[in-house]
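Q: Residue numbers (full-length UniProt numbering): 1 to 127. For each residue, glycine too, the CB sits at the ideal point set by N, CA and C. For clarity, every value in this text was computed on a predicted model and none was experimentally measured. Got a structure for you, questions after.
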Amino acid sequence: MSAAVKVYQEDGFTMVDIKNGTMVDMALELSIYRQRHTLFGQHHQEKQLAIYFGRIEGLDFGASRYACGADFASITEAKVLVLESALNRTYANMMLQMNKPAFPVYTCTSIKLARALLREKHPRASV
């Protein structure tokens, strides 16, 4: 499971690198939460500005609801989903409307744009 996702800090952002072709289910979402929570504790930081990237195979509905809930809200200031395909961005936006995340979630087409978006909408001295 841990090989399917890598979570790390880079330039003030929490990067969530999901291996291409991965099915995001509840077990993987719990792994992402545990890894992000560990980083949150290690860095004694404000809530995380998270960037998720990688071409996933699919997303379990329960996992998507969990990713928008209270556990993630306790460590997340904002999140960006990097999605190259317009169809994937449309699907993600529909899921976000249904799940009503407890923090801002954006979509964009590249990591570079994700960083710029978070810097603009959630400015911090260290990012």
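1) Just to confirm my understanding: we take V7, look at its own chain, exclude 5 residues before and 5 after, and list those with CB closer than 6 Å. What are they?
2) Measure the C-alpha to C-alpha separation of I111 and G12 and round it to an integer number of angstroms.
3) For C68, which residues of its own chain have a beta-carbon under 6 Å away from its beta-carbon, when the five flanking residues on both sides are left out?
4) So, for residue 177: in the same chain, excluding its five sequence neighbours on each side, which residues have a beta-carbon less than 7 Å away from its beta-carbon?
5) Would you call the CB atoms of Y106 and L96 closer than 7 Å?
6) Between H44 and I51, what straight-line distance do the alpha-carbon atoms span, to the nearest angstrom?
A: In short:
1) Cβ within range, chain order: V16, Q35, R36.
2) Between I111 and G12, the C-alpha separation is close to 14 Å.
3) N99, P101.
4) Beyond the ends of the chain as shown, which are 1 and 127, falls residue 177; an answer cannot be given.
5) The answer is no: Cβ separation not under 7 Å.
6) In a straight line, the C-alpha of H44 is about 19 Å away from that of I51.
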